[in-house]
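For the sequence shown, position 59 matches number 124 in our numbering, and the numbering has no gaps at all.
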Amino acid sequence: MPHHDTQTRETGRARLERLLRIAETHVGKGVFARRRISSDVVLGEVLGTILDTHPEDSSYVMELAGGRLLDPAPPLRFVNHSCDPNCEIFYWEAEPGEAEEERLWMQTIRPIQPGEEILIDYCWPADAAIPCRCGALTCRGWIVDPAERHLIEEAEPT
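So, in structure tokens, the structure goes:
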């Protein structure tokens, strides 16, 4: 759970800019560490615009509880998928008495070296899966939730 303090969203963005940079990758834009980041560090809140319907280009949209959608703002908008991620996204619900809202945060799950790309596992449902080009030794071949990989295997021609 993120530490709750008086830090403003602008300060949070400034922190992200100090930690991360956007650069080109083999799949488009990506996010890279500017310096070493330890494991279990909350990088920041995934901020953006809440949408009611999928936009025409929904490449970056994240599904939230209750059917809502989040179109994330940079830099976290450009975090790419890997079957061997170094970060994860987690939900944090407000404490009783605070504004009733669910918030998304990104956290490291292992140490990250300077220049290393920040990566998460998108865990898409099988009906939205696309071929994966992450290049990880453990690549599933598809951007899909590991629990639904068998659904794609069953649908593949033999």
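For every residue, glycine included, the Cβ atom is placed at its ideal position computed from N, Cα and C. A quick note: this is a predicted structure, and the numbers were derived from the prediction, not measured.
>> What would DSSP say about residue 211, mapped onto helix, strand or coil?
In response: helix
> How far does the beta strand (DSSP E) with residue 189 in it reach, from first residue to last?
Replying inline: Counting along the chain, residue 189 falls outside any beta strand (DSSP E), and DSSP gives it neither H nor E.
> Does the beta carbon of residue 125 fall short of 8 Å from some heavy atom of the ligand SAH?
Replying inline: Of the ligands one can find in the structure shown there are none, so the ligand SAH has no counterpart to examine.
> Whose CA, out of 152, 125 and 124, lies closest to the CA of residue 108?
Replying inline: 152
>> The beta strand (DSSP E) that contains residue 107, what's its start and end?
In response: DSSP places residue 107 inside the beta strand (DSSP E), whose first and last residues are 107-110.
> Are the Cβ atoms of residue 96 and residue 80 separated by less than 9 Å?
Replying inline: no
>> Taking the alpha carbon of residue 83 as the reference point, which residue from 154, 100 and 112 has its own alpha carbon closest?
In response: 100
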